[in-house]
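Numbering (my numbering), first residue to last: 61 to 786. Let me begin by presenting the structure, written as structure tokens, before commenting on it.
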Amino acid sequence: MRQRADALLQQMTPEEKVGQLSQLFLFTKPDAAMESRIAKGQLGALLFVTDPSLINHLQHVAVEQSRLHIPLLFGFDVIHGLRTIFPVPIAMAASWDLDTIERAQTAAAKEARAVGIHWAFAPMVDIARDPRWGRIVEGAGADPYLGSAVAAAQVRGFQGAYIGAPDHIVATAKHFVGYGAAEGGRDYDSVDLSDAQLRNVYLPPFKSAVDAGVGSIMSAYMDLNGVPATGNRWLLHDVLRGEWNFGGFVVSDANAVNDLETHGFAADKADAAMRAFTAGVNMEMALTKDAYDNLPAAYKAGKITSEQLDAAVRPILETKIRLGLFENPYVDEARAAQILGATEQKNESLRAAERSAVLLRNEHALLPLQGANNRNIAVIGPLADSKRDITGPWVFVNKEQESVSVLEGLKQVAPQGTQFNYSQGVQISRKFPSFFDAIFGGDKTPVWTEAEQKQEFDKAVQTARSADVVVMVLGERQNMDGEAASSSSLELPGRQQELLEAVAATGKPVVLVLMSARPLELRWASKNIPAILDAWYPGTEGGVAIANLLYGKAVPAGKLPYDWPRDVGQVPIFYSHDITHQPEHQGTRYWNEESTPLFPFGYGLSYTNFQFSNLHVNHEQIHRGEGLDVAVDVRNSGTVTADEVAQLYLHQQSGTSSRPIRELKGFHRVTVAPGETKTVHFNVDKADLTYWSAATRSWVQDDTRFDLWVGDDSNASLHGSFTVAP
Ligand code: NOJ
């Protein structure tokens, strides 16, 4: 590979080399200038082309007309599926099921590769501890341990066993690094993170992706501690290549190189190109005009050496070689048509959606619904019959008519003779439009007049009155989560809360199905609504999955990947904080509100009951560097087979730094039959006991005592301990 890449490099002009470092957006048809640039071998990659015939056409131009016949790399935001849409990434993380996550991205890769896409701008592995930040939807939530495991599973799913595996694509871990900590949760705002936070919380999922062999890394948009991430040599060079030995290539986020000028960091575009290039950005993702256009001149002026230029181009050529693009640059368009949206992927998507949903409340076992008592069902809410919102954000090439709304799913799954009455009740929309809507065309539904609003609201309440049970589907529209979709509030948008209260006031039992990616304000609902299921954005088969869950054909077992605040004022709130001063007042740090979350990290109910017992730690004492085994019995004392996620938390009692009150260090999702007991083992190793200390500015493992807890959420109470000796 190295030899083939070097043989090419020897023949390439500086313009051709920089061409390999250049990527442009293409939303519709290429213009003559773009085609001629490709024919000259001066463009290495494109993004947003998804039509296999256009991909083939452009690939023909690159391979047949360019001097050195170097194929193009086609990238795309394959975030949670291409044509078949899977639950959004935060939902898949809530499954705590690495096998399901890997399978989902394997299926997504298959569809993408079939149309000629070689490279996904996913997984997003940014830790998000502020749910106001809209991109919380794309990650695995608030926890570095869960986030690292999910990152690796996604990389395995996209890439398969090696880069170039058939039906697989190259993955990108993004956005390097700290993007999720944007001040105020405002997308793109600057980030200030201590080294300890970076090392212990924000970097680990990236390290995990690198260890799993991820082919590329995307540099983030924002300033990190005053230095834009895309011009940050410490991050891109010292940490990524130096410490971690990353051998793939770094791509900038879209327009992020040009943005170095906007940041007030680079003097002009030429300086921006130099700053990004020398920091370690291999490929510039540009909108239309690339800053990297300036690199050939910089090379000729002696500002960059041929070794530097070759080192930047080499991993991109190697990626194209590994992918087999020199031998097989084209795709079979007929095969692509067969693969897109095939039953196999739909089944995977259904399974993933069922495994992702989190049951937050279920009083008096309202769920699963008993068909006999519920002949007449009211289905209410602005998201109840939406085929677009159910697939969530970052969805561009699916076919809307292929997705199943909640109402449609219920009709498919409910016992024969069940009557459904649907009423939307309220409309919800963004105050400021999303730029995605501007590019891809937003919702064209006319806005209701005031008279219509009243009429629809009253009709919904009336519909509830005549039902045996009400299913309300509330939350956020898909364009309220994702990029440029931050929110200053966690309240149910529009008049949904009012509608919920009016419907509940009818006295009918209400099942609330939540569709969103951020934890919404549920203080009232968590006391007054008997059943609440967080369905996230469950994807193409979402309606069927939700219906299967409501009717007990699938049993919820998802667990929250973040703490669910009571109120936006508590943000950020996460279980793994340090103890600090007056821990006895931990629960009352505000005078007006509890300072605990409404639902803790790791929380989620089932239709059965589980008990944890017989906690066994196989060593009372270990030496530094050694590991140990923790075993626990999980018993299903209910009447249905179900999954439980056993979770292990550790706390270090003293050391070089204060350590979090507890931290997740192991989890297993297991299936347990009624009456059955399963023993679950956790392996605690050196890595679990090591952290980056701000006191020594280094990684340390202290000789000290550890507490551990095992259970079904981050409040687990089954306790053990062990000591680490020198
Ligand atoms: C900007 C986003 O931040 C990034 O995640 C995405 O991959 C690119 N746009 C390309 O769409």
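Quick reminder that beta carbons are idealized off the backbone N, C-alpha and C, glycines included. For clarity, every value in this text was computed on a predicted model and none was experimentally measured.
Unbroken beta strand (DSSP E) run spanning residue i, endpoints
{"i": "Asn481", "result": "Gln479 to Ser483"}
{"i": "Thr648", "result": "It is not in any beta strand (DSSP E) - Thr648 carries neither H nor E in the DSSP assignment."}
{"i": "Arg791", "result": "Limits of the chain in this structure are 61 at one end and 786 at the other, which puts residue 791 out of reach."}
{"i": "Gln707", "result": "Ala702 to Gln712"}
{"i": "Gln556", "result": "That residue, Gln556, is in no beta strand (DSSP E); its alpha helix (DSSP H) goes Gln556 to Ala564."}
{"i": "Glu344", "result": "Glu344 to Ala346"}
{"i": "Ile161", "result": "Per DSSP, Ile161 belongs to no beta strand (DSSP E); it is in the alpha helix (DSSP H), Leu158 to Val175."}
{"i": "Leu793", "result": "Summary: the structure shown does not reach residue 793, with the chain confined to residues 61 through 786, and so no result is reported for it."}
Where the alpha helix (DSSP H) through residue i begins and ends
{"i": "Ile606", "result": "Gly602 to Leu610"}
{"i": "Thr290", "result": "No alpha helix (DSSP H) contains Thr290, which DSSP labels as neither H nor E."}
{"i": "Glu654", "result": "It is not in any alpha helix (DSSP H) - Glu654 carries neither H nor E in the DSSP assignment."}
{"i": "Lys380", "result": "Ser366 to Arg382"}
{"i": "Ala231", "result": "That residue, Ala231, is in no alpha helix (DSSP H); it is neither H nor E in DSSP."}
{"i": "Ala425", "result": "That residue, Ala425, is in no alpha helix (DSSP H); it is neither H nor E in DSSP."}
{"i": "Leu572", "result": "That residue, Leu572, is in no alpha helix (DSSP H); its beta strand (DSSP E) goes Val570 to Met575."}
{"i": "His120", "result": "Pro112 to His120"}
{"i": "Lys738", "result": "No alpha helix (DSSP H) holds Lys738; the beta strand (DSSP E) holding it covers Thr737 to Val744."}
{"i": "Gln219", "result": "Pro204 to Gln219"}
{"i": "Leu582", "result": "Here Leu582 belongs to no alpha helix (DSSP H), and DSSP marks it neither H nor E."}
Closer than 7 Å: residue i CB and nearest ligand 1 heavy atom
{"i": "Leu107", "result": "yes"}
{"i": "Phe181", "result": "yes"}
{"i": "Tyr622", "result": "no"}
{"i": "Ala564", "result": "no"}
{"i": "Ala153", "result": "no"}
{"i": "His314", "result": "In the sequence on display, residue 314 carries Ala and not His. True, at least one ligand heavy atom lies under 7 Å from that Cβ."}
{"i": "Asp31", "result": "What is shown of the chain runs 61 to 786, which leaves residue 31 out entirely."}
{"i": "Lys380", "result": "no"}
{"i": "His178", "result": "no"}
{"i": "Gly235", "result": "Residue identity check: residue 235 is His in the sequence provided, not Gly. His235: yes, Cβ under 7 Å from ligand 1."}
{"i": "Glu344", "result": "no"}
{"i": "Glu551", "result": "no"}
{"i": "Glu543", "result": "yes"}
{"i": "Val663", "result": "According to the sequence displayed, residue 663 carries Tyr and not Val. No, the Cβ of Tyr663 stays beyond 7 Å of every heavy atom of ligand 1."}
{"i": "Tyr222", "result": "no"}
{"i": "Tyr281", "result": "yes"}
Identified DSSP bridge partners for residue i
{"i": "Ser781", "result": "Asp767"}
{"i": "His676", "result": "Ala691"}
{"i": "Tyr751", "result": "Val760"}
{"i": "Ala180", "result": "Phe136"}
{"i": "Ser279", "result": "Phe236 and Ser312"}
{"i": "Val732", "result": "Ala702"}
{"i": "His683", "result": "Ala785"}
{"i": "Val439", "result": "Tyr482 and Val531"}
{"i": "Val251", "result": "Leu284"}
{"i": "Glu723", "result": "Leu710"}
{"i": "Phe670", "result": "Asn696"}
{"i": "Gly633", "result": "Here the sequence assigns Ile to residue 633, which means Gly is not the residue at that position. In DSSP, Ile633 forms no bridge with anything."}
{"i": "Ile145", "result": "Gly141"}
With 16 other Cβ atoms within 10 Å as the buried cut-off, status of residue i
{"i": "Lys360", "result": "exposed"}
{"i": "Gly324", "result": "exposed"}
{"i": "Met575", "result": "buried"}
{"i": "Phe87", "result": "exposed"}
{"i": "Ile187", "result": "buried"}
{"i": "Met334", "result": "buried"}
{"i": "Phe492", "result": "exposed"}
{"i": "Ser666", "result": "buried"}
{"i": "Trp596", "result": "buried"}
{"i": "Lys855", "result": "This structure leaves residue 855 out entirely; the chain is present only between 61 and 786."}
{"i": "Ala221", "result": "exposed"}
{"i": "His178", "result": "buried"}
{"i": "Gln712", "result": "buried"}
{"i": "Phe500", "result": "exposed"}
{"i": "His129", "result": "exposed"}
{"i": "Val762", "result": "A small correction: the amino acid at residue 762 is Asp; Val does not occupy that position in the sequence shown. Its Cβ being crowded by 16 or more others within 10 Å, Asp762 is buried."}
{"i": "Asp638", "result": "exposed"}
{"i": "Ala651", "result": "Residue identity differs from the one stated: residue 651 is Trp in this sequence, not Ala. By the 10 Å Cβ count, Trp651 comes out exposed."}
{"i": "Glu543", "result": "buried"}
Exercise for the section: Run through the region 384 to 420 for me and flag every whole alpha helix (DSSP H) of 4 or more residues, listed as ranges in chain order. Expected result: 393 to 399 and 403 to 416
Problem - Sequence ranges, beta strand (DSSP E) only - wholly within the region 475 to 545, length at least 3 - result: 479 to 483 and 529 to 535
Problem - Every unbroken alpha helix (DSSP H) within the region 79 to 106, with a cutoff of 4 residues, ordered by chain - result: 92 to 99
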